[in-house]
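Take the sequence shown: its letter number 118 is residue 118 in the working numbering, and every next letter is one higher. Yeah, the Cβ is synthetic: ideal placement off N, Cα and C, and Gly gets one too. Below is one structure, written out as structure tokens, with a few remarks after it.
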Amino acid sequence: MHRREDVTGEGVDNPQVLHIVGARPQFIKLSPVTEAFKRFHIPYKVIHTGQHYDYTMSDMHFDALKLDAPDYHLGIGSMSHARQTARMLEAIEEVLLAEKPGLVLVYGDTNSTLAGALSAVKLGIRVGHVEAGVRSFDRRMPEEINRVVTDHVSTYHFCPTINAVNLLDREGILGIFTGDVMYDALMRFSRTGLSHPHPQPFVLTTVHRAENTDCRERFMGIWRGIELVSQTVPVIFPAHPRTKNLYPDIIRPLGDRLQIIEPVSYLTMLAMIRDASCIITDSGGVQKEAYLLKTPCVTVRDTTEWPETLAAGANMLVQPDPQKIQHAVKEMSSKSVSESDNPFGDGDASSHIAAFIRENVIHL
């Protein structure tokens, strides 16, 4: 059993916080947190591991989210989980030894999250985990392994929901409910006026999880389901580069009925999620955004780390079977996502995190 950490304790010698990110969802989470750090006058620097490395998955989102260029770009790139994590560990350690931060902040559940947490804790540096306590209970998912290990080596656990706090409690870890920083980002940028060029109605689709893309038979079932859906309503598929490269013989457009487009910016994606009649996805972030934007969602997975969306009737899990996907989309499209108590906080999670760090960690 993991012992509970003292969440106050003595302050650190160096008040600087080092944020470690590497993938699109982490850039979204980083944006409101660094804005809050500026308001609270907390010094920080950013490491970009390069896990997502091309323009459509990295630089485009830094631009759209109005993020400053990272202080360090490690340029790790895409490779096997073991090689990628090992190279990140080595490169992050060099930066930590040079900067000697008082706290390392990691986000979510990627290899960048795991490598950042392990590098820091092995050097005796405190770690804060943003989006702690989230569980799918599916150890086949690399993301689940990353988030569980990260939680068990972190010092501070910033939880997006009360459910996440309760799950950590079962593991003997003290979680701090802050709300979800992705909700912060959505609230902030949805006020700017969101738009996209696609006429309604349409179904929006994203598929990128290893559990769905590493097995050709499973991916084929999903794609055939998407094709069936496109017979009755147009489908738009912003293709993740990895998915597109894996199956160039399968991922083909069907005129206006099934459009395959390049990845879009965060703001455009929010607009498309808002205006879609239904979502087909395997993304954790898209499930949340669909819920918050009141768009029904069909998730092609066995489990979800966001059971709150299921409880609200806003999301449905489905197997990678063409007919089941088609039926689920038809059923969910006829629903309206009702108003319910929002489990993701008050839209100011980033300020709660910054205030806690300023008061209890760096003592500015």
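- Rounded to the nearest whole angstrom, the CA to CA distance from G179 to N212 is 29 Å.
- The criterion of a C-beta distance shorter than 7 Å is not satisfied by G102 and L74.
- Here H196 is buried: its Cβ has 16 or more other Cβ atoms, across all protein chains shown, within 10 Å.
- Per DSSP, G313 is not a residue of any alpha helix (DSSP H), being assigned neither H nor E.
- Between D63 and V46, the beta carbon gap of about 15 Å keeps them out of contact (Cβ cut-off 8 Å).
- Using a Cβ distance threshold of 7 Å, V181 and T205 do not count as a contacting pair.
- T299 is a Cβ neighbour of T281, given a cutoff of 7 Å.
- When the alpha-carbon of D109 is set against those of D169, R24 and E99, the nearest one is in R24.
- When the Cα atoms are used, E93 and I353 turn out to be separated by approximately 24 Å.
- CA-CA distance, A120 to V104, rounds to 7 Å.
- Spatial neighbours of G133 in its own chain (CB-CB distance under 7 Å, excluding positions within 5 residues in sequence) are listed in chain order as D151, H157, C159, A164, V165, L167, L168 and G175.
- Annotated as distal: K244 and I250, with beta-carbon spacing of 7 Å or more.
- Taking E305 as reference, the option from P142, P320, H198 and V329 with the minimal CA-CA separation is P142.
- A direct Cα-Cα distance of roughly 42 Å separates M88 from S333.
- DSSP, read as helix, strand or coil, puts V300 in coil.
- Counting the other Cβ atoms within 10 Å of the Cβ of D184 gives 16 or more, which makes it buried.
- For the segment 211 to 280, the full-length beta strand (DSSP E) segments reaching 3 residues or more read 235 to 238 and 258 to 261 along the chain.
- By the Cβ rule, the segment 346 to 363 does not count as touching the segment 253 to 270, because fewer than three pairs are nearer than 8 Å.
- Taking L118 as the centre and dropping the five residues before and after it, the same chain places the C-beta of L89 and V153 closer than 7 Å to its C-beta, in chain order.
- Nearest Cα to S338 within the set K29, N315 and R358: N315.
- With contacts defined by Cβ atoms closer than 7 Å, C278 and V329 form a contacting pair.
- Taking C-beta atoms under 8 Å as the contact rule, P343 and I162 qualify, at a distance of about 7 Å.
- For the options I222, V264 and S230, the alpha carbon positioned closest to that of H240 is the one of V264.
- In the DSSP assignment, I47 falls within the beta strand (DSSP E) that extends over Y44 to H48.
- By the CB criterion at 7 Å, L292 and L186 fall inside the cutoff.
- Straight across, the Cα-Cα distance linking E131 with S230 is about 35 Å.
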